[in-house]
Amino acid sequence: MVTARLAAQPVTLDLGGQTVKTWAYGDTAPGPLLRVDAGDVLRVDVANQLPDATSVHWHGLALRNDMDGVPGLTQDPIAAGETFQYEFTAPHPGTYFYHPHSGVQLDRGLYGVLVVDDPQEPGEYDAEWIVVLDDWVDGTGRTPDQVLSDLQRAGGDDSMGGMHDMGGMGMEGMDHGSMGSMGGMEAMRSPLLGGAGDITYPYYLLNGRTAADPATLSAKPGQRVRIRFVNAGSDTAFRVAVGGHRMTVTHSDGFPVVPVPTDALLIGMGERFDATVTFGDGVFALVASAEGKQGQALAVIRTGAGRPPTADVKVRELSGKVLLGTALSAVESARLDRRSADRTHDLVLGGTMAPYRWTINGKTFPDTDPLRLIQGERVRLRFVNQSMMFHPMHVHGHTFALRGGGARKDTVIVRPMATLDVDLEADNPGQWATHCHNIYHAETGMMTTLSYQ
Ligand code: C2O
Ligand code: CU
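This is the structure in structure tokens:
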């Protein structure tokens, strides 16, 4: 058993050239790294030192339902001043993260990474880096709660300073496969996702740092590094690339995929990818560009001598081949056995900017209809996106399979006006939240539950 303690508390953080008052786990964002072997029990005492009730959700883990951390569904909220003990077995190896499932608290900086190690894994790499991406709204005088109420009041019009590309962003050639070479220079980079998000953020962070004063990641020339990427942002997908290198993507949402080399990788909110990179000698930029928005986060990679990149560094790879999770294939051992679905549930994703609300099958949570399953059956979820915004859809307590031998995932980007099917095994009974991982979409209605005993 691994034990840990998380204190959710008000803090003052230095983001690199910028100090903000916010909430975090401990005195950093990301919070403490938790690490456990697959099959081990993790016990975490969560001390709520916030002025609000909170909760902790273990994003991506197929754990026991009463430890899933969703107030009103799987537990009572942890009241201000109280402590709650989470204890569960971590079933599958992989890269996961934890965050509150209470309002838009995630967007304050309450998040941390949970790595579940595979005691059997050969570990064919020399070093490991964890890279957590975030869009940072705090420090502008508005808290995420104020952003949410502004969105609800203003209906997301331009006074929000947001990018509301609700009009036909062309999706030509955007099939489920690889994007192919997008070509062109950084300035001409076309957004892959249509509506880029509802909020313009003042800062984008990589491991809690702005590009003005970025983190440094070190290795030796020739070393192969496993990078575990986590997008903890609330309204921003990131396009990541390493200057002068290609990445080989090896895992998606914890599960192994057939390795694919790529220039760049698109990571939706709540998605995780592991990639390996074998480094040359010098100083390189790891750039995470806010997809369809202005701004980027940065890390300095140092394997030798050289001048560090500037905050606005452009790396050519960002405009190269971009991989999405939907283009990956599961390795044999991570596939669901071929079986036809016993049941298909449609989840029609819709929304309006005025009033600002997001729906599943025309309803907003908690008025959405629970999706009823039967234990042991094979279930197909059909995400039908009828909006001009992309939605990273996340299912708790299960890992689904993309059709046709695609990756096992728990969070997947559904593009504007696209339909995407995922299959899962109903093998973990309970009440499981299923929602968009744009926290503002989830909070204004785009959430339902999978429900079975
Ligand atoms: Cu990270 Cu309900 O999700
Ligand atoms: Cu959404």
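Numbering-wise (full-length UniProt numbering), the sequence shown opens with residue 1 and increments by one. The beta-carbon is built from N, C-alpha and C at its ideal position, and this holds for glycine as well.
Buried or exposed (CB count within 10 angstroms, at least 16 for buried), GLN453: Taking the first residue of the sequence shown as position 1, residue 453 is located at position 453. Result: exposed.
Can you look up PRO119 in the DSSP assignment and give me helix, strand or coil? Your numbering for residue 119 matches position 119 in the sequence shown. Coil.
With H, G and I counted as helix, E and B as strand and the rest as coil, what does DSSP make of PRO309? For the purposes of this step, residue 309 is identified with residue 309 of the sequence shown, where counting begins at 1. PRO309 falls in the coil class under three-state DSSP.
Straight-line Cα distance separating HIS437 from GLY270: Residue 270 sits at position 270 when you count from the first residue of the sequence shown. Residue 437 sits at position 437 when you count from the first residue of the sequence shown. For GLY270 and HIS437, the distance between alpha carbons rounds to 6 angstroms.
So who's on the other strand from residue 459, going by DSSP bridges? Outside the displayed span of the chain (1 to 453) sits residue 459, for which this structure offers no information.
For residue 461 and GLY350, I'd like the C-alpha separation in whole angstroms. Look at the range of the chain in this structure, 1 to 453, and you will see that residue 461 is not part of it.
For LEU33, count neighbouring Cβ atoms within 10 angstroms of its own Cβ and tell me buried if that reaches 16, exposed if not. Working through the sequence shown from its first residue, we reach residue 33 at position 33. Under this definition LEU33 is an exposed residue.
Put THR444 into one of helix, strand or coil per three-state DSSP. In the sequence shown, residue 444 corresponds to position 444, counting from 1. Three-state DSSP puts THR444 in coil, outside helix and strand.
Using only the heavy atoms of the ligand C2O, determine whether one of them is closer than 8 angstroms to the beta carbon of PRO97. Here residue 97 corresponds to residue number 97 of the sequence shown, with the count starting at 1. Residue identity check: residue 97 is Phe in the sequence provided, not Pro. Yes - the ligand C2O has a heavy atom lying nearer than 8 angstroms to the Cβ of PHE97.
Using CA coordinates, which residue listed in TYR96, ASP14, ALA29, GLN49 is at the minimum distance from HIS396? The residue given as residue 396 occupies position 396 in the sequence shown. Nearest option by C-alpha distance: TYR96.
Contact test: PRO221 Cβ vs the ligand CU heavy atom, cutoff 8 angstroms: Position 221 of the sequence shown, counted from the start, is the residue given in the question as residue 221. Every heavy atom of the ligand CU is 8 angstroms or more from the Cβ of PRO221, so no.
Taking the straight line between their C-alpha atoms, what separation do you get for ASP384 and ARG316? Locating residue 384 in the sequence shown gives position 384, counting from the first residue. Locating residue 316 in the sequence shown gives position 316, counting from the first residue. Checking the displayed sequence, the identity of residue 384 turns out to be Val instead of Asp. One C-alpha to the other measures close to 34 angstroms.
Counting Cβ pairs closer than 8 angstroms, one from the region 291 to 309 and one from the region 237 to 255, do we hit at least three? Flag = yes, the region 291 to 309 and the region 237 to 255 touch.
Please classify ASN428: does DSSP put it in a helix, a strand, or coil? Indexing the sequence shown from 1 puts residue 428 at position 428. Reduced to three states, the DSSP call for ASN428 is coil.
Do ALA219 and THR248 count as a contact pair if the criterion is CB distance below 9 angstroms? As a position in the sequence shown, residue 248 is number 248, starting the count at 1. As a position in the sequence shown, residue 219 is number 219, starting the count at 1. Cβ atoms of THR248 and ALA219: not closer than 9 angstroms.
Which listed residue (LEU373, VAL348, ASP427) has its alpha carbon closest to that of ASN361: As a first step, residue 361 must be located in the sequence shown, where it is residue number 361. The closest CA to that of ASN361, considering only LEU373, VAL348, ASP427, is found on VAL348.
Let me make sure I understand the geometry here. Which of PRO355, PRO366, THR411 has the alpha-carbon closest to that of VAL70? Along the sequence shown, read from residue 1 onward, the residue named residue 70 stands at position 70. It is PRO366.
Bridge partners of ASP346, per DSSP? Position 346 of the sequence shown, counted from the first residue, corresponds to residue 346. The partner list for ASP346 (beta bridge, DSSP) reads ARG382.
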